[in-house]
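Asker:
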Amino acid sequence: MSDSGKVSVLGICGSLRKGSFNMAALKAAIALKPPEMNVTVADISQIPLYNEDVRTQGFPPPVETLRRQIKEADGLLFACPEYNYGMTGVLKNAIDWASRPPDQPFAGKPCALLGAAAGMAGTARAQYDLRRACVFLDMHVLNKPEIFIGQAHTKFDDAGNLTDEAAKGFIRDMMANLASWARRFK
Ligand SMILES: Cc1cc2nc3c(=O)[nH]c(=O)nc-3n(C[C@H](O)[C@H](O)[C@H](O)COP(=O)(O)O)c2cc1C
Numbered sequence: 004m005s006d007s008g009k010v011s012v013l014g015i016c017g018s019l020r021k022g023s024f025n026m027a028a029l030k031a032a033i034a035l036k037p038p039e040m041n042v043t044v045a046d047i048s049q050i051p052l053y054n055e056d057v058r059t060q061g062f063p064p065p066v067e068t069l070r071r072q073i074k075e076a077d078g079l080l081f082a083c084p085e086y087n088y089g090m091t092g093v094l095k096n097a098i099d100w101a102s103r104p105p106d107q108p109f110a111g112k113p114c115a116l117l118g119a120a121a122g123m124a125g126t127a128r129a130q131y132d133l134r135r136a137c138v139f140l141d142m143h144v145l146n147k148p149e150i151f152i153g154q155a156h157t158k159f160d161d162a163g164n165l166t167d168e169a170a171k172g173f174i175r176d177m178m179a180n181l182a183s184w185a186r187r188f189k
């Protein structure tokens with residue numbers, strides 16, 4: 004199988020905060036991606052709280068957009084913050100909306116996860132929470148390397164640039180692996 008075809012990836016960040024370490028980590032990943040990969044970042048800030056009554060009337064436009072972007076992408080890259088040992092409500096809400104029928108768009112999608120937090124565990128618990136949801140959604144989660152950026156305030160500069168060389172190395176490897184992984188499911 005060729006290992007050089009173009010791969011399109013949709014980035015989804017579970018924090019809406021302007022100074023988000025997770026959005027900064029996602030941007031670092033984009034800077035470290037292989038050249039044949041394109042990454043678009045989804046805007047999930049306008050997605051309303053999930054309500055089945057609303058869903059039965061039709062998907063709100065920001066959800067339609069997200070579902071289309073997921074369908075069109077060869078792979079997904081989740082930047083997963085940790086709130087109270089789980090993924091954030093913002094991320095779960097976006098996933099819940101996008102996952103509804105018809106044509107559940109996550110099914111069969113390859114994806115990778117990364118996360119940054121002030122604590123030592125670097126969102127490990129939240130990422131395993133997200134991995135569990137990915138299993139239910141029939142996604143193919145890249146196993147390695149895992150990217151847990153702990154003590155994030157020491158790993159990014161004031162402009163949001165990732166300064167930790169070890170983390171950069173792991174992210175570069177993950178992006179290369181995600182490209183190969185996504186090609187396998189194309
Ligand atoms: C409601 C809430 C719960 C949090 N729970 C955790 C937690 O369980 N584990 C952790 O490492 N950090 C926790 N934090 C700290 C976040 O990791 C920190 O705010 C981080 O910067 C959030 O990601 P962001 O920078 O991308 O917004 C929590 C923060 C908030 C606001």
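For the sequence shown, my numbering gives the first residue as 4, with consecutive numbering after it.
Glycine included, each C-beta is placed from N, C-alpha and C at the ideal position.
#1: Distance check for PHE139 and GLU75, CA to CA, integer angstroms please.
#2: Between the segment 84-92 and the segment 127-136, do at least 3 Cβ pairs fall closer than 8 Å?
#3: Just to confirm the assignment, what range does the alpha helix (DSSP H) spanning SER11 have?
#4: If you draw a straight line from the C-alpha of ASN180 to the C-alpha of ARG187, how long is it?
#5: Assuming contact is defined by CB atoms lying nearer than 7 Å, are ALA115 and MET177 in contact in what I supplied?
#6: Which two residues bound the contiguous beta strand (DSSP E) that contains GLY78?
#7: Using three-state DSSP, classify THR193 as helix, strand or coil.
#8: Here's a check: name, in chain order, each residue in its chain whose Cβ is nearer than 8 Å to the Cβ of ARG58, leaving out the five neighbours to either side.
#9: Have a look at THR166 and LEU80 and give me their C-alpha separation to the nearest angstrom.
#10: Less than 7 Å between the C-beta atoms of ALA169 and LYS158, yes or no?
#11: Given a cut-off of 7 Å on the beta-carbon distance, is the pair LEU13 and GLN107 in contact?
#12: In terms of alpha-carbon separation, which member of ILE152, GLY111, ALA32 and ILE98 lies closest to ASP141?
#13: Restricting to Cα atoms, I'd like to know which of GLY172, LEU117, TRP184 and ILE47 is closest to PRO84.
#14: Compute every distance between the C-beta of PHE151 and the non-hydrogen atoms of ligand 1, then say whether any falls below 6 Å.
#15: Could you tell me which uninterrupted beta strand (DSSP E) segments, each at least 3 residues in length, are contained entirely in the segment 21-86, listed from first to last along the chain?
#16: Distance, Cα to Cα, CYS137 vs LYS30?
#17: Once DSSP output is grouped into helix, strand and coil, what is the label at LEU19?
Answerer: According to the data block:
#1: Here the question's residue 75 lines up with position 72 in the sequence shown. Here the question's residue 139 lines up with position 136 in the sequence shown. Each residue's alpha carbon lies about 20 Å from the other.
#2: yes
#3: Residue mapping note: residue 11 aligns to position 8 of the sequence shown, counting from 1. First-last for SER11: 10-16, but that is the beta strand (DSSP E), not the alpha helix (DSSP H).
#4: In the sequence shown, counting from the first residue as 1, residue 180 sits at position 177. In the sequence shown, counting from the first residue as 1, residue 187 sits at position 184. Between ASN180 and ARG187, the C-alpha separation is close to 11 Å.
#5: In the sequence shown, residue 115 corresponds to position 112, counting from 1. In the sequence shown, residue 177 corresponds to position 174, counting from 1. Yes, the Cβ-Cβ distance between ALA115 and MET177 is below 7 Å.
#6: In the sequence shown, residue 78 corresponds to position 75, counting from 1. Residues 78-82.
#7: This structure cannot speak to residue 193, because the chain is shown only from 4 to 189.
#8: In the sequence shown, counting from the first residue as 1, residue 58 sits at position 55. Cβ neighbours of ARG58 beyond the five flanking positions: TRP100 and ARG103.
#9: As a position in the sequence shown, residue 166 is number 163, starting the count at 1. As a position in the sequence shown, residue 80 is number 77, starting the count at 1. Going by the C-alpha atoms only, they are around 21 Å apart.
#10: As a position in the sequence shown, residue 169 is number 166, starting the count at 1. As a position in the sequence shown, residue 158 is number 155, starting the count at 1. Cβ atoms of ALA169 and LYS158: not closer than 7 Å.
#11: Mapped onto the sequence shown, residue 13 falls at position 10. Mapped onto the sequence shown, residue 107 falls at position 104. Contact: no.
#12: Locating residue 141 in the sequence shown gives position 138, counting from the first residue. Closest by alpha carbon: GLY111.
#13: Taking the first residue of the sequence shown as position 1, residue 84 is located at position 81. For PRO84, the nearest C-alpha among the options comes from LEU117.
#14: Sequence index remark: in the sequence shown, residue 151 carries index 148 (1-based). Incorrect: PHE151 has no Cβ contact closer than 6 Å to ligand 1.
#15: 40-44 and 78-82
#16: As a first step, residue 137 is located in the sequence shown; it is residue number 134 there, counting from the start. As a first step, residue 30 is located in the sequence shown; it is residue number 27 there, counting from the start. Approximately 22 Å, taken between the alpha carbons.
#17: For the purposes of this step, residue 19 is taken as the residue at position 16 of the sequence shown. LEU19: coil per DSSP, three-state reduction.
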